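Residue numbers (this note's numbering), protein chains in the order written: chain A, 474 to 590; chain D, 134 to 248.
For each residue, glycine too, the CB sits at the ideal point set by N, CA and C.
Please read all numbers here as calculations on a predicted model, not as lab measurements.
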C-alpha cells in the first residue's frame, strides 16, 4: 500500500526567506503522480504543484518548486521569497490509479507553515 | 468559471438524521470524488465515480450513500448521521482526459457537525 510521510508537523520562517517542506512516499509502482496542496485557514484545498514521475525535470510554478528524487522516493517543496499569504497547511499527496480509470490521492499528515512578518 | 460548488457549506444536524451534501461541477469532468478530513488526518476517500451511474467505494464508505444520475452532480448522503461523521467533506473532480487528466480539483468543503 502506498504511504506518504511528512516528517515536519510545523515550520515557521520569516517573510522573504526560503523554506523547504519534506515529503517521502512508499510505492512499488513505476509511473505515478505527486502533488502538493495548500490548505489555508479557509480549509479550501488549493493545488500548488504537480510532478509526473516519468519526468526527470523538477516541476516549477512561480515561487514554488520541487526537488523530486525518484530513487529515494522523496518529493520536497521549496517556497522562495515566502509571503504572508503562504501561511497554510501543506499536504503532500501521491496519486494511485483505481479501477475504472479513476484516481485516488493518498495524503500525508500535513505540515503547518507559518510565515512571520 | 464556477468550478465545483458544494452545498450546504455549514450544517449542524442531530444524531440519527439523514443528511445530504450536494456537489455540482461545471467542467464536465468524468471523475468525481468525496473525501473527508478529520482533525489529525489528511483527507480520506469515501466514494468515487468514474461516470454517470458508475460509483465505487473508497477507504471509508460505511454510513454513506452516493449517486450520480447526471455527470455534473454527485450528492453524498449520510443515512443516519453519527457523531463520528462530524468532519469537513470535500467534493473533488478530475477530467480523466487531456493534459490535466491526472489532476484532482477540490471544492471549498462542507463543514458538518453531528450533535
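Chain A contact residues for residue i, given Cβ-Cβ distances below 8 Å
| i | result |
| --- | --- |
| residue 223(D) | 518 |
| residue 227(D) | 575 and 576 |
| residue 181(D) | 571, 575 and 577 |
Per DSSP, the bridge partner or partners of residue i
| i | result |
| --- | --- |
| residue 152(D) | 211(D) |
| residue 224(D) | 167(D) |
| residue 554(A) | Residue 554(A) pairs with nothing; no bridge assigned. |
| residue 501(A) | DSSP lists no partner for residue 501(A). |
Beta-carbon neighbours of residue i, restricted to chain A and to distances below 9 Å
| i | result |
| --- | --- |
| residue 214(D) | Here the premise fails: no neighbours, minimum Cβ distance about 20 Å. |
Segment limits, beta strand (DSSP E) that includes residue i
| i | result |
| --- | --- |
| residue 237(D) | Unbroken run through residue 237(D): none, as it is neither H nor E. |
| residue 485(A) | 483-487 |
| residue 197(D) | 197-199 |
| residue 203(D) | Run containing residue 203(D): none; DSSP gives neither H nor E here. |
Contacts that residue i makes with chain D (C-beta to C-beta distance below 8 Å)
| i | result |
| --- | --- |
| residue 581(A) | 175 |
Assigned secondary structure, residue i (DSSP; H/G/I helix, E/B strand, else coil)
| i | result |
| --- | --- |
| residue 547(A) | strand |
| residue 585(A) | strand |
| residue 447(A) | The requested residue 447(A) is not part of the displayed model; chain A covers only 474 to 590. |
| residue 538(A) | strand |
| residue 524(A) | strand |
Partners in chain D for residue i, counting only beta-carbon separations shorter than 9 Å
| i | result |
| --- | --- |
| residue 484(A) | Ordered by position in chain D, no residue passes the 9 Å Cβ test against residue 484(A), which lies about 17 Å from the chain. |
Interface partners of residue i on chain D, CB under 7 Å
| i | result |
| --- | --- |
| residue 506(A) | 235 |
| residue 564(A) | 175 |
Cβ-heavy atom distance, residue i to the ligand SAH, below 7 Å
| i | result |
| --- | --- |
| residue 496(A) | As far as ligands go, the structure on display features none, and thus does not contain the ligand SAH. |
Within chain A, the residues that residue i reaches when beta carbons sit closer than 7 Å
| i | result |
| --- | --- |
| residue 242(D) | 516 and 517 |
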